[in-house]
Amino acid sequence: MSVSERRASYPLHQRLKVYNPESMARRLNREKTQSKLVVNGVNILNKSCLDKDIILDRIKQRRETHNRVERRRRDMLNGLINQLAHVMPNEIIDDPEKCNRAQVLRHAISYIQSIQNENKTLREQLQANPSTPPSPKQHP
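Set out below in structure tokens:
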């Protein structure tokens with residue numbers, strides 16, 4: 012007979028866990044006294060017996076993990092900005108390799124705004140003269 016089958020054979024009042032105010036107060040007090048011990052953002056009470064080396068190893072491991080995640084995020088952003096610089100027309104960015112990230116973003120914003128303004132102008136021309144096709148402009 013399995014544990015769950017055995018428990019199912021008990022009467023209902025034995026299977027239900029009854030919480031009264033005293034038992035809840037005891038449980039809350041026990042949880043308050045068993046609080047976390049956090050050192051440099053690491054809960055060192057996860058294991059029962061810890062020495063100084065284990066604590067320092069956990070702190071070091073947490074720092075290395077954070078650095079690795081942050082480096083991956085930076086590399087991804089740099090790759091996307093380099094990709095954006097190479098997609099921009101040569102008239103906007105002369106040498107994408109020498110352009111810093113702020114310049115790439117600034118040039119991309121101004122280029123997108125100029126395309127939006129040109130689209131708006133072409134739409135207005137289309138609405139004004141629907142029979143004649145407008146002449147396309149070259150982007151700067």
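Using this note's numbering, the first residue of the sequence shown is number 12, and each one after it goes up by one. Glycine is no exception: its CB is placed at the ideal position from the N, C-alpha and C atoms. Bear in mind that the values here come from a model prediction, so they are computed numbers and not experimental data.
*asked:* Buried or exposed for ALA113, going by 16 or more other Cβ atoms inside 10 Å?
replied: In the sequence shown, residue 113 corresponds to position 102, counting from 1. Exposed, since its Cβ has fewer than 16 Cβ neighbours within 10 Å.
_Here's the rule: buried if 16 or more other CB atoms are within 10 angstroms of the residue's CB, otherwise exposed. What is TYR21?_
Taking the first residue of the sequence shown as position 1, residue 21 is located at position 10. Exposed, since its Cβ has fewer than 16 Cβ neighbours within 10 Å.
*Element boundaries [alpha helix (DSSP H), containing MET87]*: Translated into positions along the sequence shown, residue 87 becomes position 76. Per DSSP, the unbroken alpha helix (DSSP H) holding MET87 starts and ends at 63-98.
*Counting pairs of beta carbons, one from the stretch 84-102 and one from the stretch 116-124, are three or more of them closer than 8 Å?*
yes
*asked:* Quick check on LYS193: does DSSP put it in helix, strand or coil?
replied: Past the edges of the chain, shown from 12 to 151, lies residue 193, and the structure says nothing about it.
*Count the other CB atoms, across all protein chains shown, that sit within 10 Å of the CB of PRO32; report buried if there are 16 or more and exposed otherwise.*
The residue given as residue 32 occupies position 21 in the sequence shown. Per the 10 Å Cβ criterion, exposed.
*Mapping DSSP to helix, strand and coil, what is PRO32?*
Locating residue 32 in the sequence shown gives position 21, where the first residue counts as 1. In the three-state reduction of the DSSP assignment, PRO32 falls in the helix class.
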